[in-house]
Amino acid sequence: MYLKDPLALSSRGYFPVGEAIVGGDTSVAPGPTSSRFMVVDYDATTDKVYAPTPPQRRTQYWSRGRGEYLYEFSARQGTRQEAQINAWATAVEALELFQDPVVLGREVPWAFDANWLRILPQGMYEANAFYSRRTRALHFGYFFDRDDRLIKTSLSHDIVTHETAHAILDGLRPYYLESVHPDAVAFHEYVGDVAAMLSLFRQREFIKQLVLLPVGKKDFFNLVTDLAPQVGQGLYGNADRAALRSARNDLTYARVENEPDPHVRSQVLTGLAFDVLEGVVEQRLNDTRAGEGFKFESKPQRLFAHLLAAARHAMRMLLRPIDLLPPGNITFPEYGSIVLAADNQSTPGDSRGYRKVLERALRKRGLHPDQWEYQFYIESDEPENRNLRERDIAMIRSSKVGAYRFLDANRRAFQIPTDRDVRVVAVSTNRRELDYGTLAVPETMIQYVWEERVSLPKDMRTSALDHVVMRAGGTITVDESVNLVHWANQPPTPRRLDDTRVSAMSLVRDRAIETTPVRGLINARPFLAQNDGRGGMHLMVNTARMHHPR
Ligand SMILES: [Zn+2]
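Residues 1 to 550 (our numbering) make up the sequence shown, in order.
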């Protein structure tokens, strides 16, 4: 598969392709189709379905004490099969990045009731790519650029990884696409971009080739931060490259406060992630103890080892906390404080100094908890374990209702009003790995919400939209003995309700909400209003136009 965009690589003389070995899939079928993905080569523009790629070869080999099959897919450059295989392999890799034992350490569910996410590698004649919960699919467009070159977005490692990450985050936190807070959709963009950046470091062969090239560290990082230049060149020409998102920036949260464009807003966090990665790499290179016990034969070998280790650390620092986030909404300062709390918990001593790197990066963006007057989520009132009732992990894990019993018995401790029908969104248990393959104590996460109506001011109400729904609630993380590990709490404080109203008002003012059903979502407004059937209005991000070039 392509590991960076074909053009970015060819113009720099890098070797552009790698082999993807996808593990743990017991069923592989033509498409390719595997346990979580199915490639459907349907083109909406021509209304045609094209033949799926069958595996070329199946060989048996011995792995982890049992026989496994190795399926090989191959295709010539420029064929439809090439796009089918590339999009599939890249999407599988993106899912593996999140499910990795050092990151979430568990299966990620989709946000819809099925196990296959469909991939349309040549889905429409259009310079666009998007994830849709409604169609349960990733749609990748193709187009001709100014030089008449056929550009397929499904050949771009960054675009495929980014879109797959949207589907992954939607599975983990389905209400983020229904939040009116501008940070929530920007957080989606961040997760897509940081996944594109970090997933490259899972490709050992690719990194090995890179460190052997006669280029300095600077060039290497430029390669990582040039997101999707093939599409950029095709659409905007070389000169506009700078206008594309770049992870190397100095944006602060205060500077994007009134920025409605989620892509621009997200750069604050993408920049933070880049600073963390670069900082940890530097820390390792300067630390004589790092990699102790290994004898590096050459400088590139040392750089190679430290890059891989630093990237793994960055994945754990930045992506693992996604499982701890509250379900209803996420703001950047909340993410910052949860990332910091998770790091404090996993490495209390900070003997390597990586937390200093993280704290410096958070401060630079204005996202360090010290820089905020009020706590976004309430940490100080965390209930004491001895005050919790019904501490039965088997009951909690048995079902959503079992987890609800635990919540219901502890409403006061978790600040859940007695007059609200609190609902468990998901219960999940992880099996994570710490350094050197040590297994961590499994954690069980309970996400719960209840709904609060927020009215629009009188002069803004219409018959189609007079209120929006805010989801209050939280995520409780406990260990096997139901000791509290983490609690991300989003109570419906006056401040939070007011933030929701202000965000909703600015969407109304910007005419950003589609209140009547429309066909052709790509040209529709950024938010779609949907009746929830219970007299409530839900707003949902129109993902079809999230990446539409403006
Ligand atoms: Zn996106």
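All C-beta atoms in this analysis are idealised placements derived from N, C-alpha and C, irrespective of residue type, glycine included.
Please read all numbers here as calculations on a predicted model, not as lab measurements.
Sequence-distant residues of its chain with Cβ nearer than 8 Å to residue i (five each side left out)
i	result
residue 508	456, 460 and 465
residue 418	411
residue 530	537, 538, 539 and 540
residue 76	82
Neighbourhood of residue i by C-beta, 6 Å cutoff - its chain only, sequence neighbours within 5 removed
i	result
residue 42	49 and 120
residue 236	With a pLDDT of 33 at residue 236, under the threshold of 50, the predicted position of this residue should be treated as unreliable, though the coordinate-derived value follows. No residues qualify anywhere along the chain.
residue 168	98 and 108
residue 279	357
residue 196	158, 161 and 162
residue 175	327, 328 and 471
residue 339	321
residue 275	361
residue 440	432 and 434
residue 28	34 and 71
residue 131	138, 163, 166, 167 and 543
residue 185	262 and 541
residue 111	133, 170, 171 and 174
residue 212	300
9 Å Cβ cutoff met for residue i and residue j
i	j	result
residue 117	residue 322	no
residue 432	residue 30	no
residue 388	residue 484	yes
residue 422	residue 405	no
residue 273	residue 318	yes
residue 382	residue 487	yes
residue 539	residue 468	yes
residue 173	residue 268	no
residue 71	residue 61	no
residue 428	residue 444	yes
residue 143	residue 127	yes
residue 544	residue 524	yes
residue 39	residue 53	yes
residue 396	residue 426	no
residue 541	residue 177	yes
residue 114	residue 80	no
residue 73	residue 56	yes
residue 436	residue 407	no
residue 122	residue 156	no
residue 558	residue 331	Outside the displayed span of the chain (1 to 550) sits residue 558, for which this structure offers no information.
residue 250	residue 353	no
residue 193	residue 270	yes
residue 125	residue 46	yes
Close Cβ partners of residue i (< 7 Å) along its chain, the five nearest in sequence each way excluded
i	result
residue 277	310, 311 and 314
residue 368	336, 359 and 362
residue 256	264, 265 and 268
residue 401	none
residue 522	128, 544, 545 and 548
residue 316	102 and 103
residue 150	142 and 144
Ligand 1 heavy atom lying under 8 Å from the CB of residue i
i	result
residue 162	yes
residue 171	no
residue 546	yes
residue 259	no
residue 189	yes
residue 602	In the structure as shown, the chain begins at 1 and stops at 550. Residue 602 is therefore absent and cannot be evaluated.
residue 192	yes
Contact test: residue i Cβ vs ligand 3 heavy atom, cutoff 8 Å
i	result
residue 68	Ligand 3 is absent from the structure shown, which contains only ligand 1.
Inside the segment 361–414 only - beta strand (DSSP E) runs reaching at least 3 residues:
none
Where are the beta strand (DSSP E) runs, 3 residues long or more, that stay fully inside the segment 41–75, in chain order?
57–63 and 66–72
Along the chain, which unbroken stretches of the alpha helix (DSSP H) at least 4 residues long are found entirely within the segment 153–196?
157–172
Output the residue ranges of the beta strand (DSSP E) runs that lie fully inside the segment 94–137 and measure 3 residues or longer, sorted by chain position.
117–125 and 129–132
Runs of beta strand (DSSP E) lying entirely within the segment 318–342, each at least 3 residues, in chain order
none
Sequence ranges, alpha helix (DSSP H) only - wholly within the segment 458–526, length at least 4:
494–509
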